[in-house]
Amino acid sequence: MDRGDEYWTGNVGVITTLFPKVQIHARNTVAVVVGPPVMYRFVLMELLGKGIADGNIWFSFERRMKCGVGKCGHCQMHHIYTCQSGPSFSYAEIKHLEEAL
Ligand code: FES
């Protein structure tokens, strides 16, 4: 269980619980998502729900990389090598790739 120490007065828990508290202007917002892959799909749903455009939602796929030079194939998502073309992609670029999210 996540929890802060005795001095922590901030939020604790999964990031998606904070979205209802955030007021944004979707047309002027760019989101960058970096963290545990398990959260990506849930954060994406929240960002789309806020009205942020597919091209303004960015994900880092650096965790998929191993050799970093296009040799091992560890980072491959369909025809894309993350280490060669990324490691960051907009949702518009990867939404059609089943293995991305
Ligand atoms: S990290 Fe090895 S091919 Fe991309």
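Each residue of the sequence shown is one higher than the one before, counting from 1 in the numbering used here. C-beta atoms are modelled at their ideal positions from N, C-alpha and C, and glycine is treated no differently.
Could you tell me the boundaries of the alpha helix (DSSP H) in which residue i lies?
i   : result
E93 : 91-94
Considering Cα atoms alone, identify which of the options is closest to residue i.
i   : options            : result
V30 : G51, G10, K21      : G51
V14 : Q84, V38, L101     : V38
K66 : N11, T82, L44, V43 : T82
G86 : L18, V69, R3       : V69
I57 : N28, Q84, C75      : N28
L18 : V34, V43, T9, C75  : V43
Y91 : C75, F61, H79      : F61
G49 : H74, T16, V34, C72 : T16
Does the Cβ of residue i have 16 or more other Cβ atoms within 10 Å, making it buried, or fewer, making it exposed?
i    : result
F59  : buried
V32  : exposed
A100 : buried
In the DSSP assignment, what residue or residues form a beta bridge with residue i?
i   : result
S88 : S60
M65 : Paired residues: none, contrary to the question.
Uninterrupted beta strand (DSSP E) stretches inside the region 6-54 (no shorter than 3 residues): 31-33
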